[in-house]
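Asks: Just dropping this structure here.
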Amino acid sequence: MAHQWRGVIREYMDRLPFETGDPIVTLGEGGTPLIEAPALAKLLDVGNVHLKFEGMNPTGSFKDRGMTTAVSKAKAHGAKAVIAASTGNTSAAAAAYAVKAGMQSVVLVPAGKISWGKLSQAVAHKAKILQVRGNFDDCLRLARELSENYPVFLVNSVNPDRLQGQKTAAFEVVDVLGEAPDLHAMPLGNAGNISAYHLGYREEVADGRIKKLPKLYGIQAEGSAPFIKGSPVAKPETIATAIRIGNPASWDLAQEAKRDTEGGFDAVSDKQILWMHRFLSQECGVFVEPSSATGAAGLYKLKQQGILPAVNTVVVTVTGHGLKDPDWALKDDRGRLIKPKKVGATADAVAGILGLEREK
Ligand code: F0G
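Below is the structure:
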């Protein structure tokens with residue numbers, strides 16, 4: 000009989016702060032595919048690369064892993080409403096899981112700076128959406144303040160229950176590969192995800208499932224790169240709106256992840272992000288939102304500079320689905336809109352345009 004994946008809390012209950020009988024709010028998140036990407040392995044000149052395709056989660060991003068744990072805990076506390084600041088994906092997940100839990104969600108997003116796909120998800124799941132005149136960092140400051148003084152439960156990744164759920168992605172990588180990769184790269188924004196992978200891999204070492212930690216690499220967009228600057232960025236800018244963040248909440252945890260794993264931080268330009276966004280869809284068959292291409296773009300930059308560490312096995316987390324922000328795929332490399340040709344409804348007309356010769 001086919002086995003249905005039960006969501007990360009039920010699949011990993013013995014390694015999460017949950018017990019049988021606790022309320023569990025799930026949409027079946029996790030269990031996402033680890034996809035071999037030989038084209039990327041060739042580009043980087045490493046033994047093998049796997050893409051951890053987090054766009055395959057129920058709301059289309061890795062945020063669902065942390066949202067099942069955060070909203071389940073909110074439910075256990077009797078919360079009636081959850082609040083989240085977001086560049087789009089957290090709000091989509093918070094809204095969906097709140098519906099499943101029978102709660103109201105409130106989401107604060109930077110005005111005009113989240114993709115239509117993500118906004119439509121929050122609307123669809125009847126979140127109370129406010130567009131804040133400010134950036135993500137302002138939204139997070141407000142969400143924290145509101146949760147301290149009003150009956151709304153904070154579900155951003157500053158809530159430790161979020162990282163507990165997100166660490167399960169590291170467990171899944173080890174379950175599939177049977178060991179840790181040598182290097183694991185991902186986009187770096189508010190820094191919850193890299194901190195959660197560090198936590199997950201550390202637990203795998205402590206439990207004796209793996210012998211060493213993978214080098215964790217977090218890659219930012221050049222216009223929003225506080226980890227490269229070494230201090231917050233007041234006016235973050237990038238087309239990769241998901242990681243348009245100037246003052247990351249999990250600063251210390253991310254620094255620790257880098258230090259402890261002998262990993263690294265770097266930043267890439269919007270042009271490098273969009274180039275890799277296209278490479279992943281055209282050469283690997285994996286359609287991600289532009290921000291999600293940042294991890295791979297960073298590794299390619301290191302390769303071109305000749306400073307990619309000598310590694311054999313690489314995992315790159317691609318964090319969100321391409322359908323979240325599809326406009327970028329509809330432009331060519333000079334930014335012109337791609338419009339498929341129109342044709343009359345006959346086989347000859349179609350064959351003519353395709354340049355096909357009739358078979359004898
Ligand atoms: N990739 C995507 C698609 C994201 O949505 C985010 C963060 C990141 C990467 C960065 O992860 O913040 O843990 O370092 N999005 C948050 C949001 C901020 O509101 O959806 P991080």
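For what it's worth, numbering that gives the first Met the number 0 labels the leading residue of the sequence shown as 0, then goes sequentially.
Think of the CB as a built atom: it goes at the ideal place given N, C-alpha and C, for glycine as much as any other residue.
#1: Can you tell me which of the three DSSP states Pro213 falls into?
#2: Check the C-beta distance from Pro289 over to Ile306 and give it rounded, since I have them as a contact under 8 Å.
#3: How do the region 92-109 and the region 51-64 stand: do at least 3 beta-carbon pairs fall below 8 Å, yes or no?
#4: I believe Asp64 touches Gly164 by the beta-carbon criterion, under 8 Å. Please report the beta-carbon distance rounded to the nearest angstrom.
#5: Is Ile23 helix, strand or coil when you go by DSSP?
#6: Have a look at the DSSP bridge pairing and note the partners of Gly222.
#7: Could you tell me which residues DSSP pairs with Leu176 in its beta bridges?
#8: What is the residue span of the alpha helix (DSSP H) that Thr67 lies within?
#9: Excluding sequence positions up to five away, which residues of its chain have a Cβ less than 7 Å from the Cβ of Pro22?
#10: Going straight from the alpha carbon of Ala350 to that of Lys338, what length do you get?
#11: Please classify Leu355: does DSSP put it in a helix, a strand, or coil?
#12: What is the rounded straight-line gap between the Cα of Leu182 and the Cα of Glu261?
#13: What separation, rounded to the nearest whole angstrom, lies between the Cα atoms of Tyr200 and Lys257?
#14: Suppose the cutoff is 6 Å on Cβ atoms and the five residues either side in sequence are ignored; what does the same chain contact list for Phe286 look like?
#15: Can you check which of these residues, Glu178, Ala190, Ser119, Gly229, is closest to Asp206 by C-alpha distance?
#16: How would you call Ala123, buried or exposed, if buried means at least 16 neighbouring beta carbons within 10 angstroms?
#17: Which two residues bound the contiguous beta strand (DSSP E) that contains Ala266?
#18: Please state the DSSP three-state secondary structure of Phe52.
#19: Are the CB atoms of Ile113 and Thr86 within a distance shorter than 9 Å?
#20: Compute the beta-carbon to beta-carbon distance between Glu365 and Phe170, rounded to the nearest angstrom, for a pair I have assumed lies under 8 Å.
#21: What are the boundary residues of the beta strand (DSSP E) that includes Ala80?
#22: Please classify Ala266: is it buried, with 16 or more other beta-carbons within 10 angstroms of its beta-carbon, or exposed?
#23: Do the region 150-167 and the region 208-225 make contact, defined as three or more Cβ pairs closer than 8 Å?
#24: Find out if the Cβ-Cβ distance for the pair Val173, Cys138 is shorter than 9 Å.
#25: How should Gln120 be labelled, buried or exposed, when 16 other C-beta atoms within 10 angstroms of its C-beta is the threshold for buried?
#26: Which residue comes first and which comes last in the alpha helix (DSSP H) that contains Thr89?
#27: Between Lys359 and Met185, what straight-line distance do the alpha-carbon atoms span, to the nearest angstrom?
#28: So, is His276 buried or exposed, given that buried needs 16 or more other C-beta atoms within 10 angstroms?
#29: Would you please verify whether the beta carbon of Ala83 is less than 9 Å from any beta carbon of chain B?
#30: If we ignore side chains and look at the alpha-carbon of each, how far apart do Ala295 and Ala241 end up?
#31: Assign Lys210 to one of two classes, buried (16 or more other C-beta atoms within 10 Å of its C-beta) or exposed (fewer than that).
Replies: On the basis of the supplied data:
#1: If DSSP states are grouped into helix, strand and coil, Pro213 belongs with coil.
#2: Contact doesn't hold; Cβ gap of about 24 Å is too wide.
#3: yes
#4: Rather than Asp, the amino acid found at residue 64 in this sequence is Arg. That belief holds up - the Cβ atoms of Arg64 and Gly164 are roughly 4 Å apart, short of 8 Å.
#5: coil
#6: Per DSSP, none; premise fails for Gly222.
#7: The partner list for Leu176 (beta bridge, DSSP) is empty, contrary to what the question assumes.
#8: 62-75
#9: Here the set comprises Ser71, Lys74, Ala75.
#10: Our two residues, Ala350 and Lys338, have alpha carbons roughly 19 Å apart in a direct line.
#11: Here Leu355 sits in coil by DSSP.
#12: If I take the Cα positions, the gap works out to 10 Å.
#13: Between the C-alpha atoms of Tyr200 and Lys257 there is a straight-line separation of about 13 Å.
#14: Ser280, Gly321
#15: Among Glu178, Ala190, Ser119, Gly229, the Cα nearest to that of Asp206 belongs to Glu178.
#16: exposed
#17: 263-267
#18: strand
#19: Contact: yes.
#20: Because the chain here runs from 0 to 359, residue 365 falls outside it and cannot be looked at.
#21: 80-84
#22: With a threshold of 16 other beta carbon atoms within 10 Å, Ala266 meets it and is buried.
#23: no
#24: no
#25: buried
#26: 88-100
#27: 52 Å
#28: Classification for His276: buried.
#29: Looking at the structure shown, chain B is missing, and only one protein chain is on hand.
#30: 16 Å
#31: exposed
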